[in-house]
Amino acid sequence: MNKLKPIIEFCISNLASGSQKAREVLEKDPNLDIVEYGCLGYCGKCFDSLFALVNGDVVVGGTPEQLVDNIYQYLEENPMF
């Protein structure tokens, strides 16, 4: 039985703005699905901060490390089942 993995979506412009480091850390976690898009349509957030969509919800961070911490905290507080 396949367990659904949380989906972490990154915007390519936000990766260029600094979230690439967060993505590299998260990609090492086999329990996450990492997806990259050209644009996620959150241009205001993208301009202001590092962000990713976690199961469809926006999670932000001031630094790549903070973004990773906030993503894991979000996953802890919002279990998929």
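Residue numbers (our numbering): 28 to 108.
The C-beta atom is built at its ideal place from N, Cα and C for all residues, glycine as well.
- Under the DSSP assignment, CYS66 falls outside any beta strand (DSSP E); it carries neither an H nor an E label.
- Remark: C-beta atoms of LEU59 and PRO91 do not approach each other more closely than 8 Å.
- In chain order, CYS73, LEU77, PHE78 place their CB closer than 7 Å to the CB of ASN41, counting only its own chain and leaving out the 5 sequence neighbours on each side.
- The DSSP-derived three-state label of LEU59 is coil.
- For the 8 Å CB-CB criterion, LEU67 and LEU80 form a contact.
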